[in-house]
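Counting from 1, position 91 in the sequence shown corresponds to residue 258 in this note's numbering; the numbering is continuous, with no gaps.
Every residue gets a Cβ at the ideal spot worked out from N, C-alpha and C, and that includes glycine.
Because the structure is a prediction, the values reported are computed rather than measured.
Take a look at the structure set out below.
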Amino acid sequence: MGSKKFDTRGRFIRHRRVRKKITGLSDKPRLSVFRSNKHIHAQIIDDEKGTTLVASSSLSLDGNISKIDLAARVGEDLAQKAKTAGVKKVVFDRAGYKFHGRVKALADGARSKGLIF
Numbered sequence: 168m169g170s171k172k173f174d175t176r177g178r179f180i181r182h183r184r185v186r187k188k189i190t191g192l193s194d195k196p197r198l199s200v201f202r203s204n205k206h207i208h209a210q211i212i213d214d215e216k217g218t219t220l221v222a223s224s225s226l227s228l229d230g231n232i233s234k235i236d237l238a239a240r241v242g243e244d245l246a247q248k249a250k251t252a253g254v255k256k257v258v259f260d261r262a263g264y265k266f267h268g269r270v271k272a273l274a275d276g277a278r279s280k281g282l283i284f
């Protein structure tokens, strides 16, 4: 029962440690990922100004498909929105999650539509 609590706490510790080193600048903002059990959310953040430039979520996309395919669609949608906002390069912030499964699918979807990181 307690293993889930420690797993989540470990993710927060990893996320804090990585966030000390990763910042999103105006010319290269940060692509931040949040993953829940059902959905995945991603946003591109300019940390200098403290604003979210572009955001996308699996909540806004319809489809009765697998969660990995849905994450890839979120990445593609985010990359298209970023292109219209004038963002080409980003720093990928996986928020302490392993680069595997849905997080990797989101990154691959964003890369396939031209986002560079």
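Practice prompt. Give a yes or no on contact between the region 176-189 and the region 261-281, applying the rule of three or more CB pairs nearer than 8 Å.
Written response: Three or more beta-carbon pairs drawn from the region 176-189 and the region 261-281 are found closer than 8 Å, and the two stretches are therefore classed as touching.
Worksheet entry | Residues near V141 by beta carbon distance below 8 Å, same chain, minus five either side | One cannot answer for residue 141 here, as it falls past the ends of the chain, which runs 168 to 284.
Discussion item. Short of 8 Å in beta carbon distance, which residues of its chain neighbour P196, apart from the five on each side in sequence? Order them along the chain.
Written reply: Within the sequence shown, numbered from 1, the residue matching residue 196 stands at position 29. When the five nearest sequence neighbours on each side are left out, the beta carbons in the same chain lying within less than 8 Å of the beta carbon of P196 are those of I211, I212, D213, D214, L220, V254, V257 and V258, in order along the chain.
Worksheet item: Just checking my contact of L273 with I207 at CB under 8 Å: how many whole Å lie between their CB atoms?
Response: Taking the sequence shown and counting its residues from 1, the one referred to as residue 273 is at position 106. Taking the sequence shown and counting its residues from 1, the one referred to as residue 207 is at position 40. Under the criterion of beta carbons closer than 8 Å, L273 and I207 qualify as touching, at roughly 6 Å.
Item to complete: Mind checking who R197 pairs with in its DSSP beta bridge?
Response: As a position in the sequence shown, residue 197 is number 30, starting the count at 1. Bridge partners of R197: I212 and V258.
Worksheet item: Among R269, L192, K188 and I189, which has the Cα closest to the Cα of K205?
Response: Position 38 of the sequence shown, counted from the first residue, corresponds to residue 205. Nearest of R269, L192, K188 and I189 to K205, Cα basis: R269.
Discussion item. According to DSSP, is L228 part of a helix, a strand, or is it coil?
Written reply: Looking up residue 228 in the sequence shown gives position 61. L228: coil per DSSP, three-state reduction.
Worksheet item: When burial is assigned at 16 or more other CB atoms within 10 Å of the CB, is G230 buried or exposed?
Response: Walking along the sequence shown from the start, residue 230 turns up at place 63. Exposed is the call here.
Worksheet item: So what does A222 bridge to, in DSSP terms?
Response: To locate residue 222, count along the sequence shown from 1; it is residue 55. DSSP lists Q210 as partners of A222.
Fill in: Closest by C-alpha distance to L282, when choosing among S193, L198 and G217
For the purposes of this step, residue 282 is identified with residue 115 of the sequence shown, where counting begins at 1. Answer by Cα proximity: L198.
Discussion item. Please classify S223 as buried or exposed, where buried requires at least 16 neighbouring CB atoms within 10 angstroms.
Written reply: Along the sequence shown, read from residue 1 onward, the residue named residue 223 stands at position 56. Sixteen is the threshold: when 16 or more other Cβ atoms of the shown chains lie within 10 Å of the Cβ of S223, as they do, the residue is buried.
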